[in-house]
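**Q** Please see the structure below; I have some questions.
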Amino acid sequence: MGADGSRSHCRFQIPEANRKWYFHEYPFAWFGILAQAPRSSDELIYANSANGFALISQRTETVQRMYFQCDPKENVADWDDERIWSEFRKRVNGNGFELKEGPVLEKMVLPFRSFVHTPMRHGNLFLAGDAAHTVPPTGAKGLNLALHDVKVLFEGLESFYSNGSNGLLESYSDRALERVWKAQHFSYWMTSMLHTAPGSDDFGRARQLGELHSVVSSRHARAYLAESYTGWPTGK
Ligand SMILES: Cc1cc2nc3c(=O)[nH]c(=O)nc-3n(C[C@H](O)[C@H](O)[C@H](O)COP(=O)(O)OP(=O)(O)OC[C@H]3O[C@@H](n4cnc5c(N)ncnc54)[C@H](O)[C@@H]3O)c2cc1C
1 MGADGSRSHC RFQIPEANRK WYFHEYPFAW FGILAQAPRS SDELIYANSA
51 NGFALISQRT ETVQRMYFQC DPKENVADWD DERIWSEFRK RVNGNGFELK
101 EGPVLEKMVL PFRSFVHTPM RHGNLFLAGD AAHTVPPTGA KGLNLALHDV
151 KVLFEGLESF YSNGSNGLLE SYSDRALERV WKAQHFSYWM TSMLHTAPGS
201 DDFGRARQLG ELHSVVSSRH ARAYLAESYT GWPTGK
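First residue of the sequence shown: 1, per the working numbering; consecutive thereafter.
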């Protein structure tokens, strides 16, 4: 089993002629911080602002993790606490909401991309998790996909060792990839809907707000987002 993460060595064991890689690069990254601060909200906050995307997530009563969209070449050394909080304020404060601030404990730039390695099986080598696919973090699907791969592989191994049937092992890659591509689409969609593309024109910005209004004003669109975010049913 090759489950050695996004810098996988295992996937290079599959001959080039037997694999296909799918890539998508994004023109932005996340500037992430861990801050000593109280919770600002009970729920995650995803913000699409005229100044770019921000995500406020909660960790404990006293430590929070937050991100804002940045240039992939951004240097964390250029950002002191005041500059960081000022960027967050521009993106999330307003309409009566005010972010709770505190000392920044950690800061990092997280570039991301979409990647899929196919097939996820070569002979007796089974790839799982980030070794086979990565998604932008916007949809929070990476770890969930890795766990689903393991579930599908477990079913194949269980079937093989309990009754000698290798049908589920043979179909491992196809079954895992079906969910991978759904998650790729969802992660791409969330990313493009919530981030500001560099060079985006007035039409692009207004269309994006139209897209957001379409989602929040439609019960069906909200249900699609919620179902995709929390994960689809699993089955054999
Ligand atoms: C900032 C950030 C936020 C995220 N948020 C979310 C989220 O909210 N929800 C979500 O679902 N996902 C999230 N993810 C993605 C998630 O962390 C990954 O998709 C997930 O960890 C992938 O699991 P994995 O086991 O495939 O790979 P990894 O977690 O990378 O584990 C691979 C393991 O293999 C080991 N390894 C590598 N090479 C070797 C070797 N040669 N020999 C032995 N061991 C080796 C590594 O040390 C590592 O322990 C986030 C990722 C980031 C970066």
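Cβ coordinates follow ideal geometry from the N, Cα and C atoms, glycine included. If you're wondering where the values come from, they're calculated on a predicted model, not measured in any experiment.
Pull up the distance between the alpha-carbon of K236 and that of S6, whole angstroms please.
**A** Confidence in K236 is poor, its pLDDT being 48 and thus under 50, which makes the residue's placement too unreliable to answer from.
**Q** Taking buried to mean at least 16 other C-beta atoms within 10 Å of its own C-beta, is A77 buried or exposed?
**A** The residue is exposed, with fewer than 16 neighbouring Cβ atoms inside 10 Å.
**Q** Please return the same chain residues whose Cβ sits closer than 7 Å to the Cβ of N95, not counting the five positions on each side in sequence.
**A** Counting only Cβ-Cβ distances below 7 Å, and skipping sequence neighbours, we find nothing.
**Q** Considering only DSSP beta bridges, list what R121 is partnered with.
**A** Partner(s): F126.
**Q** Taking only runs that begin and end inside the segment 151-230, name each unbroken alpha helix (DSSP H) of 4 or more residues, in chain order.
**A** DSSP runs (the alpha helix (DSSP H)) wholly in the segment 151-230: 167-170, 172-194, 202-217 and 219-230.
**Q** Using DSSP bridges, identify the partner residues of W232.
**A** Looking at the DSSP assignment, W232 forms no beta bridge with any residue, so it has no partner.
**Q** Would you call the CB atoms of R91 and A47 closer than 8 Å?
**A** Yes, the pair counts as a contact, with Cβ atoms nearer than the cut-off.
**Q** Going straight from the alpha carbon of R222 to that of V215, what length do you get?
**A** Straight-line Cα distance between these residues: approximately 6 Å.
**Q** Thinking C-alpha only, which one of A3, S162, C70 and S217 is nearest N51?
**A** When each option's Cα is compared against that of N51, the closest is C70.
**Q** Please state the DSSP three-state secondary structure of P103.
**A** In this structure, P103 counts as coil in the three-state DSSP scheme.
**Q** Are there three or more Cβ pairs, one per stretch, closer than 8 Å when the segment 11-29 is compared with the segment 108-119?
**A** Contact between the segment 11-29 and the segment 108-119 is present, because at least three Cβ pairs lie under 8 Å.
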